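Engineer: Everything in the sequence shown is counted per the working numbering, starting at 255 for the first residue and increasing by one. Glycine residues also receive a C-beta, built at the ideal position from the N, C-alpha and C atoms. Here the structure is a predicted model, which means the values were calculated and not measured. Dumping the structure here so I can ask a few things about it.
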Amino acid sequence: MRTASAGAMASCRLLGQVWCGCRRGPGVRPGPKASSFGTEAGRQLRRGGSSKRSGPLGDQPFAGLLQLENLTREGLVDVLKAAIVDQRGPLVMLNKPPGLPVTGKPGELTLFSVLPELSQSLGLRDQELQVVQASGKETSGLVLLSSCPQTASRLQKFFIHSRRAQRPTATYCAVTDGIPATSEGDIQAALKLEHIDGVDLVIPVKSPSRKDFQEGVKRTFSHFHVVAMGSGCALVQLQPLTVFPSQLQVHMVLQLCPVLGDHTYSARVGTVLGQRFLLPAESTKPQRQVLDEALLRRLCLTPAQAAQLPLHLHLHCLHLPGMRPKEAPMKLLAPLPPYFSRTLQCLGLRQQ
């Protein structure tokens, strides 16, 4: 199993040429260059921040988060244009805020639903954008769009081939409530999706049979690397090698270290006399994450504010193939959201 080295993670090379014969529209200018995970996080930490970020947060602890119920279609297009990290050739890279679903039911406000308006606003004329790679609703970070069908198809085939070869193409940053037992390792779990009490939930399956796999159970794999530890929490890099809903959240729960802000699966981790253990997934209903008093103090949060804590899972880096057969792979990077950086500052999590 191959993983990106720490040295490779510290470099940054953005896509700079056209992938196919599709013509680029006048569009927006490229956004500011994103630096690497360690460098960007370190720089944000060293800024010190204002009292709004590092002190008590008041009635709206996470100002600036996306409130879809208060947005129009035009408003969402403006948000997405402001979130553009770079636009090169037919590719558009966004730094998606948490809370924005990529797809949904007809009539719902989603990324997919406003792609025609976004394409027009970027001057792409008849070359409508399509989603190549994106993370889940509550996850922040990179979204890769393409206005060229050939480019999109080529990249999707690249991602599929990479998964089959167990080569990670995406690196996520996460803050976990708890510290993994080892600093680095692989997580393997058979998972299934079940509809329980009106909610689709991911359930681990122990010793799955052939029939289980025929009925939708899937083997999932992720690699993790602990970057920093402090205050009973960890800053972790996660690289999924398979694709399954909520895979990374469930994998970290199986390590007894739920992602901070996971209000769906964190309840499966119980504690007795300071010892953590797994509760039965089938019978443990989702609930707001409960943090201990010491952690709340470090985060300068009340329990009510912690119940609104956004998921600290950020798609930070995507690896893409080079433009030509002999060119080295390229990397797209998205800076951490302000609330994520504030949490790192409060917990004293720095790259070692």
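(1) Grab me the residues of F413's own chain with a C-beta within less than 7 angstroms of its C-beta, minus the 5 sequence neighbours each way, in chain order.
(2) Apart from the five residues on each side of it in sequence, which residues of its chain come closer than 7 angstroms, Cβ to Cβ, to G439?
(3) Given G353, which residues of its chain have a CB within under 7 angstroms of its CB, disregarding the five upstream and five downstream residues?
(4) With the cut-off set at 8 angstroms, would you say I338 and V331 are in Cβ contact?
(5) Looking at the structure shown, is F413 part of a helix, part of a strand, or coil, going by DSSP?
(6) Nearest-angstrom Cα distance between V385 and S400?
(7) P494 bridges to which residues according to DSSP?
(8) In the DSSP assignment, the alpha helix (DSSP H) including L574 goes from what residue to what residue?
(9) Roughly how many whole angstroms lie between the Cα atoms of Q420 and F498?
(10) According to DSSP, is P458 helix, strand or coil?
(11) Looking at L514: is its Cβ nearer than 8 angstroms to the Cβ of H568?
(12) Under 7 angstroms Cβ to Cβ from R522, same chain only, skipping five residues before and after it: list those, please.
(13) Less than 8 angstroms between the beta carbons of H570 and T430, yes or no?
(14) Name the residue from D380, L586, Q341, L365 whose alpha carbon lies nearest to the alpha carbon of V333.
(15) Quick one: what's K446 bridged to in DSSP?
(16) Where does R283 land, buried or exposed, given buried means 16+ other C-beta within 10 angstroms?
Structural biologist: According to the structure data:
(1) Along the sequence shown, one-based indexing puts residue 413 at 159. Its chain contains Q387, T423 as the residues whose beta carbon lies nearer than 7 angstroms to that of F413, once the 5 sequence neighbours on both sides are disregarded; these appear in chain order.
(2) Here residue 439 is taken as the residue at index 185 of the sequence shown, counted from 1. Taken in chain order, the residues that qualify are F478.
(3) The residue you call residue 353 lines up with position 99 of the sequence shown. The residues are L319, L320, L322, K391, E392.
(4) Stepping through the sequence shown from its first residue, residue 338 is reached at position 84. Stepping through the sequence shown from its first residue, residue 331 is reached at position 77. By the CB criterion at 8 angstroms, I338 and V331 fall outside the cutoff.
(5) Translated into positions along the sequence shown, residue 413 becomes position 159. Correct three-state label for F413: helix.
(6) Numbered from 1 along the sequence shown, position 131 holds the residue referred to as residue 385. Numbered from 1 along the sequence shown, position 146 holds the residue referred to as residue 400. Between V385 and S400, the C-alpha separation is close to 7 angstroms.
(7) Here residue 494 refers to the residue found at position 240 of the sequence shown. Under DSSP, P494 takes part in a beta bridge, and its partners are S476.
(8) Taking the first residue of the sequence shown as 1, we reach residue 574 at position 320. No alpha helix (DSSP H) holds L574; the beta strand (DSSP E) holding it covers 567-574.
(9) Mapped onto the sequence shown, residue 420 falls at position 166. Mapped onto the sequence shown, residue 498 falls at position 244. Those two C-alpha atoms are separated by around 15 angstroms.
(10) The residue you call residue 458 lines up with position 204 of the sequence shown. In this structure, P458 counts as strand in the three-state DSSP scheme.
(11) If you number the sequence shown from 1, residue 514 lands on position 260. If you number the sequence shown from 1, residue 568 lands on position 314. No, these two residues do not count as a Cβ contact at 8 angstroms.
(12) Residue mapping note: residue 522 aligns to position 268 of the sequence shown, counting from 1. Same-chain partners within the cutoff: V507, L532, L533, A535, T538.
(13) By 1-based counting over the sequence shown, the position of residue 570 is 316. By 1-based counting over the sequence shown, the position of residue 430 is 176. With contacts defined by Cβ atoms closer than 8 angstroms, H570 and T430 do not form a contacting pair.
(14) On the sequence shown, residue 333 is found 79 positions in, with the first residue counted as 1. Considering only alpha carbons, the answer is L365.
(15) Here residue 446 refers to the residue found at position 192 of the sequence shown. In the DSSP secondary-structure assignment, K446 is bridged to I457.
(16) Residue numbering aside, residue 283 sits at position 29 when the sequence shown is read from its first letter. Reliability fails at R283, whose pLDDT of 36 lies under 50, so the model's placement of it is uncertain and no value is given.
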